[in-house]
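First comes the structure, then the notes that go with it.
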Amino acid sequence: MEFNIALLKGDGIGVEIVDSAVRVLEKTAGKFGHTFNFTAYPIGGCAINETGMPLPQETIDGCLAADCVLLGAVGGPEWDSLPSERRPEKALLGIRSALGLYTNLRPARLYSALRSASPLKDEIIGDGFDILIVRELTGGIYFGERGYREGKMGREAYDTEVYSTTEIDRIGRAAFEAAMKRSKKLCSVDKANVLETSILWRTIMHKISEEYPEVEYTDMYIDNAAMQIVRDPHQFDVIVTSNMFGDILSDESAQLTGSIGLLPSASLGASKRGLYEPVHGSAPDIAGQNKADPIAEILSGAMMLRYSLGLAKEADAIENAVDTVLNAGWRTADIMGNTDGKPLSCTEMTDKIIEVL
Ligand code: IPM
Ligand code: MG
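Under numbering that gives the first Met the number 0, think of the first position of the sequence shown as 0, with each following residue one higher.
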């Protein structure tokens with residue numbers, strides 16, 4: 000089969016890791032008899048340098064015309080002092096919104112070969128954990144009205160959180176569906192003891208849960224969830240939560256796996272056209288040095304094959320190749336831990352995965 004894939008390499012290590020993922024995808028295409036046509040578009044800081052804007056219209060149009068989008072990372076110190084509307088991060092929010100990608104799937108799975116990289120004690124890790132965070136991605140406080148105004152105590156800044164019934168309903172359904180495909184356990188995380196948006200969130204989640212009697216449904220406050228996830232991660236399977244809470248919880252759970260450099264994510268909407276990106280950022284400190292861990296991006300490529308292109312066998316092949324390479328003890332610098340030996344470079348790790356494929 001033939002597919003058109005838009006590449007948004009972005010900034011920092013985004014460039015290196017997308018190149019790695021493309022090499023792995025080319026190898027996969029060759030092996031299974033597919034053709035992937037890749038077209039790259041600028042996004043983030045590099046787009047600011049080229050066009051003055053972090054998210055040029057050409058990039059949005061290119062993504063809309065593609066079957067799916069593979070993104071690296073955006074941002075870096077060079078653009079940190081720009082006003083918020085023109086920062087590279089704005090492009091991420093913008094492309095998710097322009098493509099209608101309201102469901103963000105962020106799996107946090109502990110690789111048994113990397114147990115020692117987790118900051119959790121052995122007795123808490125037990126036989127490992129595998130959590131899927133379903134983060135609402137195009138609403139909430141990251142998209143609400145914001146600005147500056149004069150208040151009682153002088154000049155003040157404000158951000159607002161708004162959630163409509165429709166927005167909560169569609170992310171809730173996506174989460175229940177995800178739970179049905181896993182161990183049928185869903186925890187909705189909110190702050191319904193304080194926030195109006197959370198009260199509506201909880202009411203709607205409860206309503207949907209009546210349609211999914213097989214799913215063991217619970218709710219939890221965000222502060223408690225942040226604590227429970229380090230106290231006993233096994234109690235969670237699928238977690239559904241708002242944009243901001245999901246942003247925070249997904250970094251927390253990524254760190255618990257000890258390997259944020261390994262975690263992919265998928266952003267999906269009503270159609271099959273999704274956007275796939277690593278959970279980690281652009282790591283400007285190691286950019287251009289061939290030190291980055293390409294695995295999160297390579298696994299994002301695998302998720303892309305599975306969710307947008309319907310190529311499950313091919314996705315399995317990539318995921319199995321990554322497992323094999325990790326189980327054989329190959330490591331990039333970020334996941335070396337206390338092990339001896341020289342870490343693999345980004346290209347060497349990619350070569351190893353391609354060799355196994
Ligand atoms: C993420 C990032 C982004 C977000 C930022 C860079 C806009 O933290 O993907 O988690 O908050 O969504
Ligand atoms: Mg984040």
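Ideal Cβ positions, reconstructed from N, Cα and C, are used throughout, including at glycine. Computed from a predicted model, the values in this text were never measured in an experiment.
Confirm the yes/no value for this check: CB of leucine 91, any heavy atom of the ligand IPM, distance under 7 Å.
Leucine 91: yes, Cβ under 7 Å from the ligand IPM.
Among Phe235, Ile207, Pro293, which has the Cα closest to the Cα of valine 324?
The candidate whose alpha carbon is nearest that of valine 324 is Pro293.
Starting from methionine 179, follow the alpha helix (DSSP H) in both directions and report where the run begins and ends.
Methionine 179 -> alpha helix (DSSP H) spans 164-180.
Taking the runs of the alpha helix (DSSP H) that are 4 residues or longer, which of them lie wholly in the region 47-96?
The region 47-96 contains these whole alpha helix (DSSP H) runs: 56-64.
Can aspartate 339 be considered in contact with the ligand MG, in the sense that its beta carbon sits closer than 7 Å to one or more heavy atoms?
No - the ligand MG has no heavy atom lying nearer than 7 Å to the Cβ of aspartate 339.
If you follow the beta strand (DSSP E) that phenylalanine 31 is part of, which residue opens it and which one closes it?
That residue, phenylalanine 31, is in no beta strand (DSSP E); its alpha helix (DSSP H) goes 13-31.
Tell me whether the beta-carbon of leucine 262 lies closer than 8 Å to the beta-carbon of alanine 20.
The answer is no: Cβ separation not under 8 Å.
Distance, Cα to Cα, phenylalanine 142 vs asparagine 103?
Near 15 Å, if we compare the C-alpha coordinates of asparagine 103 and phenylalanine 142.
Tell me the DSSP secondary structure of aspartate 121 in three-state form.
In the structure shown, aspartate 121 sits in a helix (DSSP, three-state: H, G or I).
Which residues in the same chain as alanine 320 place their Cβ atom closer than 6 Å to its Cβ, once the five residues preceding and following it in sequence are excluded?
In chain order, Ile352, Val355, Leu356 place their CB closer than 6 Å to the CB of alanine 320, counting only its own chain and leaving out the 5 sequence neighbours on each side.
On the criterion of 16 or more Cβ atoms from any shown chain inside 10 Å, does methionine 226 qualify as buried, or is it exposed?
Exposed: under 16 other Cβ atoms inside 10 Å.
Hey, quick one: how far does the beta strand (DSSP E) through glycine 146 stretch, first residue to last?
Segment 145-150, the beta strand (DSSP E) holding glycine 146.
Quick check on this structure: which residue in Arg272, Ala301, Glu318, Ile317 has the alpha carbon closest to the alpha carbon of isoleucine 59?
Measuring from the Cα of isoleucine 59, the nearest candidate turns out to be Arg272.
For the beta strand (DSSP E) that contains methionine 219, what are its first and last residues?
In the DSSP annotation of this structure, the continuous segment of the beta strand (DSSP E) that includes methionine 219 starts and ends at 215-220.
Burial state of threonine 331 (16 or more Cβ within 10 Å)
Around the C-beta of threonine 331, 16 or more other C-beta atoms lie within 10 Å, and the residue is accordingly described as buried.
So, for glycine 13: in the same chain, excluding its five sequence neighbours on each side, which residues have a beta-carbon less than 6 Å away from its beta-carbon?
When the five nearest sequence neighbours on each side are left out, the beta carbons in the same chain lying within less than 6 Å of the beta carbon of glycine 13 are those of Gly71, Ala72, Ser281, in order along the chain.
First and last residue of the uninterrupted beta strand (DSSP E) at tyrosine 275:
It spans 274-277 - the beta strand (DSSP E) in which tyrosine 275 sits, taken as one unbroken run.
Would you list the residues whose beta-carbon is nearer than 6 Å to any heavy atom of the ligand MG, in the order they occur in the chain?
The set of residues whose C-beta lies within less than 6 Å of a heavy atom of the ligand MG reads, in chain order, Asp246, Asp250.
Ends of the beta strand (DSSP E) at isoleucine 238?
In the DSSP annotation of this structure, the continuous segment of the beta strand (DSSP E) that includes isoleucine 238 starts and ends at 237-240.
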